[in-house]
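The next block holds one structure in the form of structure tokens; read it before the comments.
Protein chains: 2
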Amino acid sequence: MRTTGGNQAAETRRRLLDAAEHLFIDRGYEGLSMRQITAHAGTNLAAVNYHFGNKDTMLRELLSQRLDRLNEERLQLLDACEAAEQLPDCETILGILFVPAMQLGRDPDAGPAFLRLLGRVYSDASPFIRDHLQQHYRPIFGRFFDAFARALPHVPRSELGLRLHFALKSLSGVLATDDMDELVAELSMGQSIPDTELLARLVALVSPALTAPLGTPAQVEKIHRLQQLSQVRSMACSRKHTPPAAPAEA
Amino acid sequence: MRTTGGNQAAETRRRLLDAAEHLFIDRGYEGLSMRQITAHAGTNLAAVNYHFGNKDTMLRELLSQRLDRLNEERLQLLDACEAAEQLPDCETILGILFVPAMQLGRDPDAGPAFLRLLGRVYSDASPFIRDHLQQHYRPIFGRFFDAFARALPHVPRSELGLRLHFALKSLSGVLATDDMDELVAELSMGQSIPDTELLARLVALVSPALTAPLGTPAQVEKIHRLQQLSQVRSMACSRKHTPPAAPAEA
DNA sequence: ACTAGCGTCATACGCGCGTTTGACGCACGT
DNA sequence: ACGTGCGTCAAACGCGCGTATGACGCTAGT
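Each protein sequence line maps, in turn, to chains A and B.
The opening position of the first sequence corresponds to residue 1 in the working numbering, with each subsequent residue numbered one higher.
The opening position of the second sequence corresponds to residue 1001 in the working numbering, with each subsequent residue numbered one higher.
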């Protein structure tokens, strides 16, 4: 049996994936080079192409390894809830999205910085990442979109898309940078807060944005006054900037 | 007088800035190369370095030219409101942020795709863009942070930072991609909606997230039930994945 | 008419990128 | 003992990047 050789190969694969994950988390897809990956992994530059074929394939494998389980658990949790109560409300659906993420974030097997990785993935602008998400997780997104649509019948379907985009973009934006540390640290305000309450606070933050009514006359009136005030100001300003005659000497 | 020469130089500068803006809007800072810029501008590769010194200086000049006016108008509008009513509420402050952006978005002088540019700038992850925003507009952000803090006294200052980051990140994320078209098109649902009502809807969407109370016992209970449900599921799942004895042949 | 200087131009330099290549070592099956 | 093949290695390839360098034309002042 070729014990050491086979183990060494598996070890190299793992080290490459670990290094790639670590670098991806704090540099994103752009700014992630094979030379940095292999240097951090302590392997030769050619190792990536030998074990994975090319860079993108390795990244895809890394993302699948990390994200498949998350979305699978989200989906099964949604199934379980719909089977139990058959119409989960908005806050429950948000909880279904958040709870598995937080649990995997606490699980060392899912990666030591799983939440950071999650934030990067959802907020990275590179076409490679966007395509990967689109191709792998579109049906899951569709299921949740339908669940939200049933939970929020008063929100038109077109505006619901905007609001979901809005809410999830913001969440990923918060997860992405170092803010996750601040979130966990500052929300707990010194004393350690149980995950349950922390997630409840997040739900309390996002849910009102999804549930909100479309816009009251009072809000329209406030905006209208601001528009008038701003236009008056800018007209006065432009008249000042283009004086009718030549100005006196400076 | 050296008429043609001077005009041609100014014309080249303008064409370079226009090309850079256009490319930056739909490719971001990364994926923006001087060869593409100069090709679109119809100039020589060396033109950028001749007129601006280097690439980053040109980008900085472009951003300042576009964003300085926006933030100046926001600031003066905030000043005017605070002078008038001395405690603008949350919805009003959001309106102060949105109204000048929308007005400049309608102004051809501010760039034909000003809102797209705005979204790109606020959501671009590159250190260059982030540093520029940090260095130029930190005091403006501080003024608005204080205004929000006064308008939302029940929100702890640490959580307010999170919520503002949350709300503004999401907004920039929506502005960034092609979603701004969808926003304008789908929110109006076929018939053209006045800007006033469109902005009122945006305020109606964002304001509840900032104003929301910190988390009710009912929300905590919902999350708690989901956590238990998820853990039961994952334990059953892991037991299935690591069976006690060797499986029968496949 | 001549020259100075500005704006443009083709071209080249050095660098980092992803990928490819062929040689080397070493554990293995025979 | 020997050949086979797997995993690793240094080195190189072609490419696109930002920047630097002289040469060229044309305008304008003397």
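Note that beta-carbon positions come from the ideal geometry of N, C-alpha and C, so glycine has one too.
Please read all numbers here as calculations on a predicted model, not as lab measurements.
Interface flag for B/Leu1059 against chain A is unset, since no Cβ pair is found closer than 8 Å. The beta carbon of B/Arg1143 is closer than 7 Å to those of Leu1075 and Leu1078 in its chain, skipping five residues each way along the sequence.
Residue range Asp1195 to Thr1211 is occupied by the alpha helix (DSSP H) that includes B/Leu1210.
Looking from the CA of B/His1165, the closest CA among B/Ser1123, B/Ile1037, B/Val1203 and B/His1136 belongs to B/Ser1123. Taking CB atoms only, A/Ala151 has no neighbour in chain B less than 8 Å away.
Annotated three-state conformation of A/Thr216 is coil, per DSSP. The beta carbon of B/Thr1092 sits closer than 7 Å to the beta carbons of Cys1081 from its chain, once the five residues preceding and following it are set aside; these are given in chain order. By the criterion of at least three beta-carbon pairs nearer than 8 Å, the region 1050-1064 of chain B is not in contact with the region 53-68 of chain A.
A direct Cα-Cα distance of roughly 13 Å separates A/His51 from A/Met34.
With a cut-off of 8 Å on Cβ pairs, the region 1144-1152 of chain B is not in contact with the region 194-213 of chain A, counting fewer than three such pairs. Taken atom to atom, the span from the alpha-carbon of B/Gly1111 to that of A/Gln227 is near 20 Å. Burial state of B/Ser1064 is exposed, judged by a 10 Å Cβ sphere holding fewer than 16 other Cβ atoms. Contact between A/Ala204 and B/Gln1219 holds: CB atoms are separated by about 6 Å, below the 8 Å threshold.
Beta-carbon to beta-carbon, A/Leu70 and A/Pro108 are separated by about 15 Å, too far to satisfy the 8 Å threshold. Ranked by Cα distance from B/Leu1210, the options B/Leu1087, B/Pro1156 and B/Ala1046 are led by B/Pro1156. For A/Pro153, no alpha helix (DSSP H) segment is defined, and its DSSP state is neither H nor E. Against chain A, the CB of B/Ile1096 has a partner CB under 8 Å away; the residue lies at that interface. Between B/Glu1021 and A/Ser234, the gap from beta carbon to beta carbon reaches 8 Å or more. If you look at B/Ser1126, you'll find it isn't in any alpha helix (DSSP H); DSSP assigns it neither H nor E. A/Pro208 is a Cβ neighbour of B/Ala1212, given a cutoff of 8 Å. Per DSSP, A/Leu45 lies in no alpha helix (DSSP H) and is assigned neither H nor E. Taking 9 Å as the cut-off between beta carbons, the residues of the region 1213-1235 of chain B near chain A are Pro1213, Leu1214, Gly1215, Thr1216, Pro1217, Ala1218, Gln1219, Val1220, Glu1221, Lys1222, Ile1223, His1224, Arg1225, Leu1226, Gln1227, Leu1229, Ser1230, Gln1231, Arg1233 and Ser1234, in sequence order.
Not a single CB atom of chain A sits nearer than 8 Å to the CB of B/Glu1085. Residue state for B/Glu1073 is assigned as helix, using DSSP reduced to three classes. One thing to note: B/Ile1223 has its Cβ no nearer than 8 Å to the Cβ of A/Gly42. Gln103 and Ala125: these are the residues of the region 102-127 of chain A whose beta carbon lies less than 7 Å from some beta carbon of chain B, given in chain order.
At least 8 Å separates the CB of A/Thr38 from every CB of chain B. Residue state for B/Asp1107 is assigned as coil, using DSSP reduced to three classes. DSSP, reduced to helix, strand and coil, places A/Asn54 outside both helices and strands of the structure shown, so it counts as coil.
Counting only Cβ-Cβ distances below 7 Å, B/Gln1134 has no contacts in chain A at all, with the closest Cβ about 13 Å away.
B/Asp1068 and B/Asp1026 have their C-alpha atoms spaced approximately 21 Å apart.
In the structure shown, the three-state DSSP call for B/Glu1085 is helix. Each of A/Thr12, A/Ile37, A/Arg15 and A/Arg14 was checked against the Cα of A/Phe24, and the nearest Cα belongs to A/Ile37.
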